[in-house]
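A.B. asks: Heads up: the sequence shown at position 545 corresponds to 548 in the numbering used here, and the numbers run straight through without jumps.
All C-beta atoms, glycine included, are put in the ideal place defined by N, C-alpha and C.
Take a look at the following structure, please.
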Amino acid sequence: MSLMGQMMQQPLLISSLLQHAARHFPNVEIVSKRVEGDVHRSTWAAVARRSRQFAQAMSRLGCVPGDRIATLAWNGYRHLEIYYGSSGSGLVCHTINPRLFPEQIAWIANDAQDAVLCFDLNFLPLVEKLAPQLTSVRHFVLMVGRSHMPAASSLPNLLCFDELVDLEDGAYTWPQLDENTASSICYTSGTTGNPKGAVYSHRSTLLHAYASALPDAMNCSARDTILPVVPMFHVNAWGLPYSCALVGAKLVLPGPHLDGKSLYELFESEGVTFSAGVPTVWLGLITYVKSQGLKFSSFKRTVIGGSACPPAMMKTLQEDFGVEVIHAWGMTELSPLGTLSKLGTQQLKLPPNEQRKLLEKQGHVIYGIDMTIIDDDGHALPWDGQSAGNLVVRGGWVIDRYYGSEASPLVSVDGEPGWFPTGDVATIDAHGFMQITDRSKDVIKSGGEWISSIDLENIAMAHPAVHEAAVIAAKHPKWDERPLLVVVKKPDASVSREELLAFYEGRIAKWQIPDDVVFVAELPHTATGKIQKLKLRDQLKDHVLAQSPA
Ligand code: ADP
4 MSLMGQMMQQ PLLISSLLQH AARHFPNVEI VSKRVEGDVH RSTWAAVARR SRQFAQAMSR
64 LGCVPGDRIA TLAWNGYRHL EIYYGSSGSG LVCHTINPRL FPEQIAWIAN DAQDAVLCFD
124 LNFLPLVEKL APQLTSVRHF VLMVGRSHMP AASSLPNLLC FDELVDLEDG AYTWPQLDEN
184 TASSICYTSG TTGNPKGAVY SHRSTLLHAY ASALPDAMNC SARDTILPVV PMFHVNAWGL
244 PYSCALVGAK LVLPGPHLDG KSLYELFESE GVTFSAGVPT VWLGLITYVK SQGLKFSSFK
304 RTVIGGSACP PAMMKTLQED FGVEVIHAWG MTELSPLGTL SKLGTQQLKL PPNEQRKLLE
364 KQGHVIYGID MTIIDDDGHA LPWDGQSAGN LVVRGGWVID RYYGSEASPL VSVDGEPGWF
424 PTGDVATIDA HGFMQITDRS KDVIKSGGEW ISSIDLENIA MAHPAVHEAA VIAAKHPKWD
484 ERPLLVVVKK PDASVSREEL LAFYEGRIAK WQIPDDVVFV AELPHTATGK IQKLKLRDQL
544 KDHVLAQSPA
């Protein structure tokens, strides 16, 4: 008979993160720039107390374990209290992206069967408009204090968040749930059909929090002041509300104030050391800081992911501002972290330009995730940095199936089942560094060869006159598809189509150089800040290419 371990059994529960932070880092601050306009200061101890009160309030409203508590809210302390108060008590926190179309929001809320909807003040008109379509919501909670409650609202029995919480005494003990209990739900943005729900568990959330806090991942510590620019409705702000509690970091929450000036001021006034967000927000911040001739005094490193971080952006942050950029890849279905670009001792032996090339990739997996690339027949491809294939992953915080669906999305690799197909196309090199070349639906297929739109975008972004760039497939009679570059120029910059195309010479194989350039005032973005290539392709479907290879 095998000998069993004789250690305590403790389920991995989200409430344990909050209890830890409140007990061992009670006075560490949670600072929020509120929708109401002012700055609010709280602590882990106060957030823990109010989270317990929130759990009591939900129970008083008749919520039972498993009920979904939805949010339409920016990053702020009340949102954090809903995260912990709902998941901790066995309810399921469902963060909805308020930037989606109203019909999509209603569809998602109904699909998830949300029982309660909590929302920030600026979403009141939206929720009033949506309410008749929300078939399962029993209670509407406005995330404000009494003084900000509207005199009248069309919402039936609109409740005030602070009033609900203040009514309770906080004498509440977190239940010892099964660690596999659902803790939260996030929907993908539905770039391919209806959005799909990923249902996280306490266990998967805790494992993700541990792994993402590690030095070669986000490197979170009690010495950090962390400002997640990535919204709490975008894959749980990449897990930072959990990993910050795990290490006892100070948390700074910017609310809806995500323009360059507001962010810069908050970084400086609160001494932010670490941040995380998608490339588009950094564009805004960098433009502001540069135009004002400013520097960061405490900001040391940032994780950039969600879409490819252009090397030019990395270079600016690193060389002009001394901010280390950690390029990361993940997705809703992965809670979201999969890989990060950090060098180990082996890579540090390489010459500087090779190190830089590795850092520009999406990086190495973190423990807990396994990945590989496969061809269309399910065979593993070599890790040679050249062969591009479908990226598949597995691990303790990867979905097994989508919410409400019995069908398994998983595929086999060389006959071995249990891998999640990400829909991304990637290479993996001998160092184990993965590089996304495209989403499979964005790949440009020219005469049977694949051209990476990300490579072409990164080159354009390195041109001094380019603010933002997207490369899409344009239909071509001979080659099937050819790359078309769409560019937003920097304010006051001037550059011609010919100059931009000439900029590609020597930087990429000649046959991969885009056939044409279209200048636009702005690019369409998805609700999570990515370039909406489907929409762009549709907008430019009648564009006639100016030149093509013979
Ligand atoms: P959606 O955009 O569908 O809401 P996610 O926010 O989960 O979904 O986005 C996941 C996708 O974003 C990935 O599958 C990948 O295509 C893209 N992505 C994420 N990080 C990166 C990155 N660093 N480089 C390139 N693409 C990325």
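#1: Please identify the residue among 261, 134, 237 and 231 whose C-alpha is closest to the C-alpha of residue 247.
#2: Taking the CB atoms as reference points, tell me whether residue 319 and residue 279 lie closer together than 8 Å.
#3: Using a threshold of 8 Å, state whether the C-beta atoms of residue 522 and residue 490 are closer than that.
#4: Grab the span of the beta strand (DSSP E) containing residue 322 for me, first residue to last.
#5: May I ask you to verify whether the segment 160-180 touches the segment 49-68, counting CB pairs closer than 8 Å and requiring at least 3?
#6: Grouping DSSP H, G and I as helix and E and B as strand, with all else coil, what is residue 516?
#7: Which partner residues does residue 228 have in the DSSP bridge list?
#8: How long is the line joining the alpha carbons of residue 218 and residue 75, rounded to whole angstroms?
#9: DSSP puts residue 35 in a beta bridge; with which residues?
#10: Could you check whether the Cβ of residue 332 sits closer than 7 Å to any heavy atom belonging to the ligand ADP?
#11: Determine, using beta carbons only, whether residue 331 and residue 366 come nearer to each other than 8 Å.
#12: Do you know how far the Cα of residue 250 is from the Cα of residue 49?
#13: Quick one: using the 10 Å Cβ neighbour count with 16 as the cut-off for buried, is residue 355 buried or exposed?
#14: Going by the CB atoms, is the gap between residue 430 and residue 388 shorter than 8 Å?
#15: Kindly indicate the opening and closing residues of the alpha helix (DSSP H) around residue 165.
#16: Please identify the residue among 35, 394, 336 and 342 whose C-alpha is closest to the C-alpha of residue 442.
#17: Here's the rule I'm using: 16 or more other beta-carbon atoms within 10 Å means buried, otherwise exposed. How should residue 185 be labelled?
#18: Quickly, what does DSSP pair residue 587 with across the bridge? List them, please.
#19: Using the three-state DSSP reduction, which class does residue 563 fall into: helix, strand or coil?
#20: Since residue 121 contacts residue 140 with CB under 8 Å, what's their CB separation in whole angstroms?
#21: Give the DSSP-derived three-state secondary structure of residue 88 in the structure shown.
#22: Figure out for me which residue from 56, 29, 108 and 206 has the closest Cα to the Cα of residue 564.
#23: For residue 327, which residues in the same chain have their Cβ closer than 7 Å to its Cβ, ignoring the five residues on either side in sequence?
#24: From what residue to what residue does the beta strand (DSSP E) around residue 427 run?
#25: What's the gap between the Cα of residue 116 and the Cα of residue 534?
#26: Taking only three categories from DSSP, how would you classify residue 283?
#27: Can you list, in chain order, the stretches of the alpha helix (DSSP H) that have 4 or more residues and sit fully within the segment 448-484?
#28: Quick check: is any heavy atom of the ligand HEM less than 7 Å from the C-beta of residue 427?
#29: If you draw a straight line from the alpha carbon of residue 89 to that of residue 237, how long is it in whole angstroms?
#30: Answer yes or no: do residue 201 and residue 369 have a C-beta to C-beta separation smaller than 8 Å?
#31: On a Cα-Cα basis, can you pick out the residue from 500, 225 and 258 that is closest to residue 233?
#32: Measure from the alpha carbon of residue 72 to the alpha carbon of each residue in 53, 460, 79 and 93, then state which is nearest.
#33: Residues in its own chain within less than 6 Å of residue 45 by CB, not counting five upstream and five downstream?
#34: Does DSSP put residue 317 in a helix, a strand or coil?
#35: By how many angstroms is the C-alpha of residue 245 removed from the C-alpha of residue 108?
C.D. replies: Based on what the coordinates show:
#1: 231
#2: no
#3: yes
#4: That residue, residue 322, is in no beta strand (DSSP E); it is neither H nor E in DSSP.
#5: yes
#6: coil
#7: 253
#8: 32 Å
#9: 43 and 256
#10: yes
#11: yes
#12: Rounded to the nearest angstrom, the two C-alpha atoms are 17 Å apart.
#13: exposed
#14: Yes, the pair counts as a contact, with Cβ atoms nearer than the cut-off.
#15: 164-169 is the span of the alpha helix (DSSP H), which, as asked, contains residue 165.
#16: 394
#17: With 16 or more Cβ atoms within 10 Å of its Cβ, residue 185 is classed as buried.
#18: Because the chain spans 4 through 553 in this model, residue 587 falls outside it and cannot be assessed.
#19: This structure cannot settle anything about residue 563, because the visible part of the chain is limited to 4 through 553.
#20: With 8 Å as the limit, residue 121 and residue 140 do not qualify as a contact, their Cβ atoms being about 10 Å apart.
#21: helix
#22: Since the first residue shown for the chain is 4 and the last is 553, residue 564 is missing from the structure and cannot be characterised.
#23: 303, 304 and 321
#24: 419-431
#25: 30 Å
#26: helix
#27: 456-464
#28: Ligands displayed in this structure: the ligand ADP; the ligand HEM is not among them.
#29: For residue 89 and residue 237, the gap between their C-alpha atoms comes out near 18 Å.
#30: no
#31: When each option's Cα is compared against that of residue 233, the closest is 258.
#32: 93
#33: 33 and 80
#34: Residue 317 falls in the helix class under three-state DSSP.
#35: 25 Å
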